[in-house]
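J.: Let me begin by handing over the structure; questions about it come next.
There are 2 protein chains.
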Amino acid sequence: MDTGDVFDPNCPTRVVLDRIGDKWSALVLLCLAGGPMRFTRLRERIGGVTPKVLTQTLRAMEQDGLVTREVFAEVPPRVEYALTDLGHSLHDPMAAVAAWAEQHVGEILRSREMYS
Amino acid sequence: MDTGDVFDPNCPTRVVLDRIGDKWSALVLLCLAGGPMRFTRLRERIGGVTPKVLTQTLRAMEQDGLVTREVFAEVPPRVEYALTDLGHSLHDPMAAVAAWAEQHVGEILRSREMYS
């Protein structure tokens with residue numbers, strides 16, 4: 000199979016949508032778009048993410064081929080995360096969704112208040 | 000507040016990212032982009048969604064100001080869901096992410112197989 004159909008309940012594209020729809024994956028992707036980063040730097044940059052969740056997110060993204068993990072033989076060893084070409088190809092669509100969220104968060108909060 | 004910052008852990012933009020990152024919300028949005036739809040038609044079109052989850056998704060989207068629910072005084076009453084202007088403004092970024100998922104699902108599945 001080479002292309003999917005999000006409207007087919009049996010199509011694995013839905014699993015992919017779930018994964019890339021995850022907030023932490025989106026934030027990691029946006030962070031790494033600027034270049035490789037170490038774990039601690041990613042954690043500082045994203046803010047509010049626990050080490051456990053960040054580790055799980057990075058492992059899932061590595062598994063999906065979006066991120067690479069490179070260990071440099073230094074003392075202490077340095078570990079860097081970077082986007083793959085596939086990861087980079089997701090950047091623009093993701094950045095557009097994040098920009099939409101930043102731009103419209105005020106309207107959404109007002110709508111929620113009016114509704115309740 | 001008028002614009003948000005996804006990298007600020009205290010910014011409600013993250014709550015918005017979670018909501019719009021939801022797979023079912025994305026599919027409802029893509030469906031309704033073509034015009035208003037009744038519940039049963041939406042359910043058929045999306046496929047694999049339970050009535051309960053579809054109801055919850057639509058209510059959440061209504062609350063966020065993305066969708067309207069209109070009741071027509073007919074026998075039996077007709078209820079139609081439609082995108083608001085805000086909902087329409089999210090269509091293009093969402094469609095780009097869904098298209099990316101459809102286009103790259105093959106690569107992601109191959110990567111997952113190699114990893115395990």
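Chains as they are written, first to last, in numbering that gives the first Met the number 0: chain A, 0 to 115; chain B, 0 to 115. Where a beta carbon is used, it is the ideal one built from N, C-alpha and C, also for glycine.
#1: Does the pairing of the segment 100-110 of chain B with the segment 95-114 of chain A give three or more beta-carbon distances under 8 Å?
#2: Look up E73 (chain A) in the DSSP assignment and say whether it is helix, strand or coil.
#3: Please state the DSSP three-state secondary structure of T39 (chain A).
#4: Please name the residues in the segment 84-96 of chain A whose beta-carbon is closer than 8 Å to at least one beta-carbon of chain B, in chain order.
#5: In its own chain, which residues sit with a C-beta less than 8 Å from the C-beta of A32 (chain B), not counting the 5 before and 5 after it?
#6: Against chain B, with Cβ distances strictly below 8 Å, would Q55 (chain A) count as a contact?
#7: On the CB-based measure, 16 or more other CB atoms within 10 Å of its CB, does A25 (chain B) come out buried or exposed?
#8: What is the DSSP secondary structure of L65 (chain B), counted as helix, strand or coil?
#9: Within 10 angstroms of the Cβ of M60 (chain A), are there 16 or more other Cβ atoms? Answer buried if so, exposed if not.
#10: Please decide whether E43 (chain A) counts as near chain B, where near means a Cβ-Cβ distance under 8 Å.
#11: Answer yes or no: does any C-beta atom of chain B fall closer than 8 Å to that of R111 (chain A)?
#12: Do L41 (chain B) and L116 (chain B) count as a contact pair if the criterion is CB distance below 8 Å?
#13: Going straight from the alpha carbon of T56 (chain A) to that of G34 (chain B), what length do you get?
#14: Under 8 Å, Cβ to Cβ, is there at least one residue of chain E near R37 (chain A)?
#15: For V5 (chain B), collect the residues of the same chain with a Cβ closer than 8 Å to its Cβ; drop the 5 residues on either side in sequence, then sort them by chain order.
#16: Is T32 (chain A) helix, strand or coil by DSSP?
#17: For a quick check, are the C-beta atoms of G20 (chain A) and P8 (chain B) less than 8 Å apart?
#18: D123 (chain B): buried (16+ other C-beta within 10 angstroms of its C-beta) or exposed?
#19: Which term fits A72 (chain A), buried or exposed, when burial requires 16 or more other beta carbons within 10 angstroms of its beta carbon?
#20: Kindly indicate which residue of B:W99, B:G3, B:C10 has the alpha-carbon position closest to the one of L65 (chain A).
#21: In chain A, what lies closer than 9 Å to Y80 (chain B) by C-beta?
#22: Can you give me the Cβ contacts of A97 (chain A) inside the same chain, cut-off strictly under 7 Å, excluding the 5 residues immediately before and after it?
T.: So, to answer that:
#1: The segment 100-110 of chain B makes no contact with the segment 95-114 of chain A; the number of CB pairs closer than 8 Å stays below 3.
#2: The answer is coil: DSSP assigns E73 (chain A) none of H, G, I, E or B.
#3: In the structure shown, T39 (chain A) sits in a helix (DSSP, three-state: H, G or I).
#4: Residues of the segment 84-96 of chain A whose Cβ lies closer than 8 Å to any Cβ of chain B, in chain order: L85, S88, L89, D91, P92, M93, A95, V96.
#5: In the same chain as A32 (chain B), and ignoring 5 residues on each side of it, the C-beta atoms closer than 8 Å to its own belong to L82, H87, H90, A94, in chain order.
#6: So, not an interface residue.
#7: So A25 (chain B) ends up on the buried side.
#8: In the three-state DSSP reduction, L65 (chain B) falls in the coil class, being neither helix nor strand.
#9: Buried: at least 16 other Cβ atoms inside 10 Å.
#10: Interface flag for E43 (chain A) against chain B is unset, since no Cβ pair is found closer than 8 Å.
#11: Chain B contact via Cβ: present.
#12: The requested residue 116 (chain B) does not occur in the structure, where chain B is confined to residues 0 to 115.
#13: If I take the Cα positions, the gap works out to 36 Å.
#14: The chain labelled as chain E is not found among the protein chains of the depicted structure, namely A and B.
#15: Cβ within range, chain order: T12, R13, L16.
#16: As written in the sequence, residue 32 (chain A) is Ala, which differs from the Thr given in the question. Residue state, collapsed to three classes: coil.
#17: Against a cut-off of 8 Å, the Cβ pair of P8 (chain B) and G20 (chain A) comes out as no contact.
#18: For chain B, the structure presents residues 0 to 115; residue 123 (chain B) sits outside this window and is missing.
#19: Exposed, by the Cβ-count rule.
#20: Answer by Cα proximity: B:W99.
#21: At a C-beta separation below 9 Å, Y80 (chain B) has no neighbours in chain A, since its nearest C-beta there lies roughly 15 Å away.
#22: For A97 (chain A), where only same-chain residues beyond five positions count, the Cβ hits under 7 Å are A25, L29.
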